[in-house]
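A.B. asks: This is the structure, below, for whatever I ask next.
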Amino acid sequence: MALIRKYRSRVVSVEQPLEEIYVVVFESLEKKYKFKPGQFLHLALDPHDPTKAWPDSRCFSIQSPPEESFIKITFSKKGKYTERMSRELLQGKEVTLKLPFGDLFQKPHEKENCVFIAGGTGITPFLSLFNDSSFVDYKTVNLYFGVRNSSSHIYQDEFDKALAINPSLKVQVVNQSTDGIMDIKQIIKKNSKNTTYFISGPPEMIKVFKKGLIENSIENIRTDDWE
């Protein structure tokens, strides 16, 4: 089990590529961040007093690979806490991050012909793996990435980096406004049942897709459903 640590951190940058989407980069003010691809963190906006209980916080997938010295997250403003984050996470703001949590890619799994399915910001834990040097160990990777429209796809630079690490990565972007929603039945038809399927996205999407995989006798399913 990973050792959970608290990191006093500072906001390095904040970008808002879409109206409700924010990309935040943090740097540690103490020790170096330690985590593995696909893990997630707890973010606390209020100062953390070690003598008191951990303050109110929220979980976010780590988007950056462990080899980087910083941590990147992407969040959608859709609740009281994330609305507060959108106001308070300014350059120079100090916060406390607690990590790592999760084992999305740490459990033994088949690394040949893996299928990754992501919806919206659910792509972020996959990018943590795709942009890590260990991604080269995967053979023939199929990614299905669902977005609302063409402007919602803000990850091309990270896809390009992933392709440089592992040219076997095949990306299919499903634009909901022109292609409709992703169809798990069609994804299954195009891929082997004897491989590992990773799913990350909105809770309802994960639930429906996982059900579809199980109904087709697919057993090796990994989900990023810590929410």
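Following our numbering, the numbering of the sequence shown begins with 21 at its first residue and continues without gaps.
We treat Cβ as the ideally placed atom computed from N, Cα and C, and that holds for glycine.
(1) Nearest to P222 by alpha carbon, out of K92, I238, Q192, T144?
(2) For the region 226-236 against the region 44-51, are there 3 or more C-beta pairs whose distance is under 8 angstroms?
(3) Is the distance from the Cβ of L109 to the Cβ of I82 below 7 angstroms?
(4) For G122, is the classification buried or exposed, using 16 other Cβ atoms within 10 angstroms of its Cβ as the cut-off for buried?
(5) Per DSSP, which one or two residues make a beta bridge with H62?
(6) Where do the ends of the beta strand (DSSP E) carrying I208 lie?
(7) Using 10 angstroms around the beta-carbon of L163, count the other beta-carbons present and answer buried if the total reaches 16, otherwise exposed.
(8) Using only the alpha-carbon positions, how far apart do Q126 and F150 sit?
(9) CB F155 to CB I185, shorter than 7 angstroms?
(10) Which residue comes first and which comes last in the beta strand (DSSP E) that contains G221?
(11) Please give me, in chain order, every unbroken run of the alpha helix (DSSP H) with length at least 4 that falls completely inside the region 159-199.
(12) With distance defined between alpha-carbon atoms, name the residue in I41, V115, F90 nearest to S29.
(13) Tell me which same chain residues have a C-beta within less than 6 angstroms of the C-beta of Q192, skipping the five on either side of it?
(14) Helix, strand or coil: which one does DSSP assign to L109?
(15) If you reduce the DSSP assignment to three classes, tell me which class P145 lands in.
C.D. replies: According to the structure shown:
(1) In the sequence shown, residue 222 corresponds to position 202, counting from 1. Closest option to P222, Cα to Cα, is T144.
(2) Counting C-beta pairs with one atom in each stretch, the region 226-236 and the region 44-51 have fewer than three that are closer than 8 angstroms, which means they do not touch.
(3) Locating residue 109 in the sequence shown gives position 89, where the first residue counts as 1. Locating residue 82 in the sequence shown gives position 62, where the first residue counts as 1. Result no, Cβ atoms of L109 and I82 do not sit closer than 7 angstroms.
(4) Indexing the sequence shown from 1 puts residue 122 at position 102. Residue environment: G122 is assigned as buried (16 or more neighbouring CB atoms within 10 Å of its CB, all protein chains considered).
(5) Residue 62 sits at position 42 when you count from the first residue of the sequence shown. C79, K118, per the DSSP bridge assignment.
(6) Along the sequence shown, one-based indexing puts residue 208 at 188. Per DSSP, I208 lies in no beta strand (DSSP E) segment; the continuous alpha helix (DSSP H) that holds it begins and ends at 204-209.
(7) On the sequence shown, position 143 is the one that residue 163 refers to. L163 is buried by the Cβ-count criterion.
(8) What you label residue 126 is simply residue 106 of the sequence shown in a count that begins at 1. What you label residue 150 is simply residue 130 of the sequence shown in a count that begins at 1. Distance between the alpha carbons of Q126 and F150: 14 angstroms.
(9) Taking the sequence shown and counting its residues from 1, the one referred to as residue 155 is at position 135. Taking the sequence shown and counting its residues from 1, the one referred to as residue 185 is at position 165. Yes, Cβ-Cβ distance for F155 and I185 is below 7 angstroms.
(10) In the sequence shown, the residue the question calls residue 221 occupies position 201. Unbroken run through G221: none, as it is neither H nor E.
(11) The region 159-199 contains these whole alpha helix (DSSP H) runs: 176-185, 196-199.
(12) In the sequence shown, counting from the first residue as 1, residue 29 sits at position 9. With respect to the C-alpha of S29, the residue from I41, V115, F90 having the closest C-alpha is V115.
(13) Start at 1 with the first residue of the sequence shown, and residue 192 comes out as number 172. Excluding positions up to five away in sequence, the list reads Y164.
(14) By one-based count along the sequence shown, residue 109 stands at place 89. L109: coil per DSSP, three-state reduction.
(15) The count along the sequence shown starts at 1 and reaches residue 145 at position 125. Helix.
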